[in-house]
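Protein chains in written order, with this note's numbering: chain B, 151 to 799; chain P, 17 to 189; chain A, 32 to 515.
A short write-up of the structure that comes next.
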Amino acid sequence: MLDYVWLVPLFPLLGVIFNTIFGWKLKEKVVGIIGSTTIGLSLLVSILLLLDLLKLPEHHKIFELTLFKWIAAGSFAAEIGFQIDPLSVIMMLVVTGVSFVIHIYSIGYMHGDRGFNRFFIFMNLFVFAMLLLVMANNFLLMFVGWEGVGLCSYLLIGFWYEDNNNADAGKKAFIVNRIGDFGFLLGIFLIFTTFGTIDFTDVFHKAAVNFHVGDGTMVAIALLLFIGAVGKSAQLPLYVWLPDAMAGPTPVSALIHAATMVTAGVYMIARTNVIYTLAPAALMVVAIVGALTAIYAATIGITQFDIKKVLAYSTISQIGYMILACGVGAYSAGIFHLMTHAFFKACLFLGAGSVMHAMSNNTDIRIMGGLRKYMPATFWTFLLATLAISGIPGFSGFFSKDEILWQSFSSSYGNFWLWILGAVAAGITAFYMFRLVFVTFYGKLRADEEIARHVHESPKTMTVSLWILAGLSVIGGFIGIPAIFGGGNRFEHFLEPVFEKSAAIRESAMAVHGYAVEQGHSLEWTLMGIVFAIVLLGIGLAYLMYIKKTDLPGLVSRRIKPVYQLVFNKYYVDEIYNALVVQPIKNVSDYLLWKFVDVKLIDGTVNGTGYLVRFAGRSLRTIQTGFVQNYALVFILGVVLLLLYVVFI
Amino acid sequence: MVTIFFFIFAVTALVSAVLMITYKNPVYSALFLILTFFSLAGMYFLLEAQFIAIVQIIVYAGAIMVLFLFVMMLLNLRQETRLPIGRPFQVALGSIFALILLIQLFFIVKVGLTVSKFGAFPPEKINKIGSVQVIGGELFTNYLFPFEAASILLLVGIIGAIILGRKKLPNEM
Amino acid sequence: MDLSLPVIHIQSIYPQMILVLFAIIVVILPLFVHNLKRELLALISVVGLVLAYFSLINLWGQNLTGFNGMIVGDNFSIAFSIIFLVGAFLAVLLSLNTVENEYLNYSDFYSMLLFALVGLLMMVSSTNLLVIFIGLEILSISLYVLAGIRKMRVDSIEASLKYFLLGAFATGFLLYGIALLYGASGSIDLVEIGKYIQANGFSGTFILAGAAMLLIGLSFKAAFVPFHMWTPDVYQGAPTPVTAFMSAGVKGAALAVLLRFVWTIAPLSKADWTIAIWIIAFLTMTVGNVVAIAQSNVKRMLAYSSIAHAGYLLVGVLAGSQLGQASIMYYLLVYTMMNLGAFGVISYLGNSNKQENLNLRDYRGLGFKHPFAGLAMAIFMFSLAGVPPTGGFVGKFYLFNSAIQAGYLWLVIFGVMNSVISAYYYLRVVVNLYMHEPEKEVAVPKASLGLSFALLIAMVAVLQMGIMSSSYFEFFRQAVIAMP
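Right, here's the structure in full:
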């Protein structure tokens, strides 16, 4: 089966091609089935790949397949090739699995939409690009996937372009991401100049052999790549695009802006773990950014009233956890959380979509309430996913989050402060998630008559998907039960070959600096207990404020008004960016370079834009008196300067 | 002796060129242009390039200028209507740049080679063979291709002039 | 005086001869046959292009020199010539569009296009500055005429006149540079000048100033900042197929000559020259991209974008290696495809009710009403912005890669930054295509077959060059293998 890995990205691509050519004339149902089936087939192949990989001996779980040479320029070479190892297989399974479910859900959700076909084309294209990203065996191909998912994300955010805000949100996402991509691309260039290759295997091998821990180049590469991760994974300070990205259809938010694409940064760090391990300074930056984002976004989540916005900030916060995990060198814990998060966050978003479906596309939780009665399936799945994200023992989120928190404390890169940030963020997470559940599903329906009459449970295609994801949210964690519960963490064990170089590097580094103190299980139990207590506190507080004493939230927000305003307005970051970055650039281009230099100084005469429509005589007149002389003037200036430089200096 | 003649021709060429663009009457301008051509021809003589000097006079001062004058008379151009050259600061800027450029060029020539390298045909050789013969020989052997290419250039010029000058499109005729 | 005829190798100029022949046929034929359909004229031109193509391919690898070294039929020149042929071919297809009909006389148009092509071919296939100059003049005169060929339109005439005045101005510098180089070295052949420089060093005011002026003359043609001022006006005023052809062809020829020139003054890497070119490349990229942001007229925006692309290409010149040369050719081919394609869509849209529909707003909602044109435009924009997996991405990657290998890390950083900026305005077109409701009714008749064909070719080529680039690049590697 391993020789057929190319089938995995091929199926979605075929879906794209088929629907682009024929989809416009076909029935919705056919389009939807084709779109979902192609993903289903990819999922099937991925599962077979996993089984094959499990059969391989422990340290040979890496398989590479080169399709053809893509770019060859001098010593530079890049190929279209795939690398299949435990890490990429897990990512493939997450991507194809979650997107398969979401595709099925979308058949119901997008029913009757004008852009039904377009939607499925973009979604399939997204899956194709995402698979390219996780399957690539070199940095450049990964970058192609990276750009591709960004492009699809942008297209899908602006999907309902009738609303101008949506198109703007799409643009914002694309541009912010370009900043990240800029760092990523420079990182690739630096990798190439350092190692002379961009192939994963070669780069990591050379890095591990030729470079010492703390090497400056490694730090530079790691930080440049991290800029890319920050952009794509919506971390501080480039997270601003993700909340706006909720303008897209809800399945898109679930798939791209929660489960898969935004976690690409985490995958990238895990993939390049060797380089990061060689650069402890960069790891520290990663850990700090992750921890700060986790708590920062969580606080914003408390104040939002838009159901999707709450989930968006929650996503940012949860990715912060994953980044934190990578930052303390616990890559497999990060990937583990990535997977469980994909399940429960996708479930939450689809649940939110289901709610919106029932509420005539309203997203404001203040007009919801009591929906438990009207849509039980949505409620139960939503609740299960909430329990998972809050980290209630037994649910998937518990295992992965606990692993991260423990590592952030006990790892040689971790410390108490990272742990406390994570632990508090966990409590806040529990609080705002239960706030969401209580406000939305409990109490009385606060919507007006018109909307209230239409409240209904969603169709089968949607609820089935919800149940699947909810089930995964519950049991998904069992494959990685930590050693402390006697589980032996099979997930981590499976991933070991990917991170063995890092482990070796760390081992040797510690041999020099002395081992970190081996932490006993009792400490782990204690910390776990503390976190659980904080989580329970969060839930209890939510219960108190939103079920028992519903006037309390208003009271609190009035009491601490300045703080509340600050958080409610998302710390005014958007406004700050706008004032500091966006406007200046616009002004430079618009006023200084174009209006002034181009029009005033150079076009000289009246105004530069209107001359096209002038009459013949006036036009000739402008030629004689206005433009050409000025053009020549600039020309001569160039001549003078160039001669001055070339001849006289 | 040569130096004196050079300065006479050079000053004449420069002055008449300036006068040519400053005179408003196009006929005068044309006449000054002829004077410029003549002075240039004189310089060619000084450089012992007699053939080019003759060609300069026959082709430019003779044929082309006659054509110019004919066109002017046919069009009955008397006074050129002039528009202001540009805003004062643009004129000033232009003058400054031109001045700097002039100084630069002066230095380039002055500081540069005092004895420039001769090509394949130094004057003695040309004088021995004869200027016309040398040019003819070169044109039809070594420079055959540029010579032919120049004819294409002229062809393009002719066709282009017709295209732009023609009033009606052929399919309207 | 004894005369000996040089070795001619007449086949070395077959391509030029064929093109001249067809140019004359195209311009004369309407005099004898009335009511010629423009499709037939286009077909004749295409036949000429195809024949020229085969005669070029025939020369591949032979390294012929004809006319006593006046014509150099090396692979370098052939590769460039083929790129120009492709550009001309697409331009002919683009011209088969209904609206231009009212303004355009097709026999004139095609003959001038073919003549311009002759000029381009001449420029790239010689090391003799005299031939290069004559080629440049043939090219320029044809373009002056082409720019002003829509005589009913003021902006077209204006474009022509401006281009002519400034072009003559630039030519003056070019000639002066050639004269200075000749004065110092006693030759107008780049190879001989190169030998002189090797012997005497890249120094002396004559050589330095001559080189600078040559650079200036070429910079004007390639639209490098600050010799770019004419570009937006001329591109906007000229008929769209002409603009499309100009933007790729002229730039390519100027770069080819620049490349030849750069390796005659071999010690580029040592001379301070690199800094001058570095600055020009930086300015060209930056000014082009930043000013393009402020444009709302699509054609003008593409004009500024073409300035920016000239800057990217110059980065390859700076690399000063075979890799850089091959990258330039590669990028030039991609650029020809994507830019001509983009202009093709513009000319398609400009096809309604005598309106040109050049404003960005006119593109609103087009992606759905005209799925094919919309998709094509989106792909071209993504390629221009350098988004994978299009050819534009790979091409830019080749260029920057060659510069990095030559050690110009900072220039590459600026280049990448610039392509980030450029994404903004290219994307705006896509946003308007797909994410806005149409504001007004843009009634566009069905695209002509030729235009659709051209768009299809360009689209497929852009994607193919992005996905399977190595075979193309290998071809261009072969083209420069003999170069220093």
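Here a beta-carbon is modelled for each residue, glycine too, at the ideal position from N, C-alpha and C.
Just so we're clear, the structure is a prediction, and the values are computed from it rather than from any experiment.
Nearest-angstrom Cα distance between residue i and residue j?
{"i": "F644/B", "j": "P236/B", "result": "7 Å"}
{"i": "T613/B", "j": "A462/B", "result": "22 Å"}
{"i": "L622/B", "j": "T413/B", "result": "18 Å"}
{"i": "V516/A", "j": "F200/A", "result": "Nothing can be reported for residue 516/A, as the shown portion of chain A is limited to 32 through 515."}
{"i": "G541/B", "j": "S707/B", "result": "27 Å"}
{"i": "L415/A", "j": "N370/A", "result": "8 Å"}
{"i": "L537/B", "j": "G577/B", "result": "12 Å"}
{"i": "H604/B", "j": "F266/B", "result": "23 Å"}
{"i": "L716/B", "j": "I445/B", "result": "15 Å"}
{"i": "I466/B", "j": "V107/P", "result": "60 Å"}
{"i": "G347/A", "j": "P162/P", "result": "30 Å"}
{"i": "F313/A", "j": "V436/B", "result": "33 Å"}
{"i": "E164/P", "j": "N128/A", "result": "35 Å"}
{"i": "H467/A", "j": "F494/B", "result": "34 Å"}
{"i": "V376/A", "j": "N390/A", "result": "13 Å"}
{"i": "D263/B", "j": "F559/B", "result": "49 Å"}
{"i": "L571/B", "j": "A729/B", "result": "30 Å"}
Residue i bridges to which residues according to DSSP?
{"i": "T216/B", "result": "G231/B"}
{"i": "T535/A", "result": "The question about residue 535/A has no answer here: the residues shown for chain A are numbered 32 through 515."}
{"i": "F163/P", "result": "DSSP, once it has assigned bridges, lists no residue as partnering F163/P."}
{"i": "F226/B", "result": "A223/B"}
Residues of chain A with a CB under 9 Å from the CB of residue i: which are they?
{"i": "L63/P", "result": "What L63/P touches in chain A: nothing, since even the nearest Cβ is about 13 Å away."}
Identify the contact partners of residue i in chain B, using a Cβ-Cβ distance below 8 Å as the criterion.
{"i": "A114/P", "result": "I786"}
{"i": "I435/A", "result": "F339, F342, T343"}
{"i": "M448/A", "result": "F332"}
Classify residue i: buried if its beta carbon has 16 or more other beta carbons within 10 angstroms, exposed otherwise.
{"i": "V273/A", "result": "buried"}
{"i": "M660/B", "result": "exposed"}
{"i": "F635/B", "result": "exposed"}
{"i": "P207/B", "result": "exposed"}
{"i": "R421/B", "result": "buried"}
{"i": "N231/A", "result": "exposed"}
With a threshold of 6 Å on Cβ separation, who are the neighbours of residue i within its own chain once the five nearest residues in sequence on each side are excluded?
{"i": "V281/A", "result": "K252"}
{"i": "K219/B", "result": "E229"}
{"i": "A580/B", "result": "S540, V685, G688, I689"}
{"i": "M418/B", "result": "A379"}
Could you tell me which chain B residues have their CB closer than 7 Å to the CB of residue i, listed as they occur along the chain?
{"i": "F428/A", "result": "I221"}
{"i": "Y455/A", "result": "I325"}
If you drop the 5 nearest sequence neighbours on each side, which residues of the same chain put their C-beta closer than 8 Å to that of residue i?
{"i": "K427/A", "result": "Y343, Y362, G417, G446, S450"}
{"i": "T262/A", "result": "A254, A334, Y335, S337, I338"}
{"i": "F87/P", "result": "Phe is not the amino acid found at residue 87/P; the sequence shown has Val there. Once the five neighbours on either side are set aside, V87/P has no close Cβ partner at all."}
Taking Cβ-Cβ distances shorter than 7 Å, what residues in chain P pair up with residue i?
{"i": "L793/B", "result": "Q120"}
Grab me the residues of residue i's own chain with a C-beta within less than 7 Å of its C-beta, minus the 5 sequence neighbours each way, in chain order.
{"i": "P393/B", "result": "K459, A462, Y463"}
{"i": "T759/B", "result": "In this prediction, T759/B has a pLDDT of 34, which is less than 50 and means its spatial position is unreliable; nothing more can be read from the coordinates."}
{"i": "I697/B", "result": "F588, Y592"}
{"i": "Y213/A", "result": "I219"}
{"i": "L533/B", "result": "V587"}
Starting from residue i, find everything on chain A with Cβ-Cβ shorter than 7 Å and list it in chain order.
{"i": "I175/P", "result": "V58, S142"}
{"i": "G128/P", "result": "G235, T236, F237"}
{"i": "V172/P", "result": "F146, I169, I172, S173"}
Given that residue i touches chain P, what residues does it touch there, using C-beta distances under 9 Å?
{"i": "L36/A", "result": "F156, T157, L160"}
For residue i, return the contacting residues in chain B, with the cut-off set at a CB-CB distance below 9 Å.
{"i": "T236/A", "result": "V797, F798"}
{"i": "G37/P", "result": "The identity of residue 37/P in the sequence shown is Ile, whereas the question assumes Gly. The premise fails here: I37/P is roughly 14 Å from chain B at the closest Cβ pair, so nothing lies under 9 Å."}
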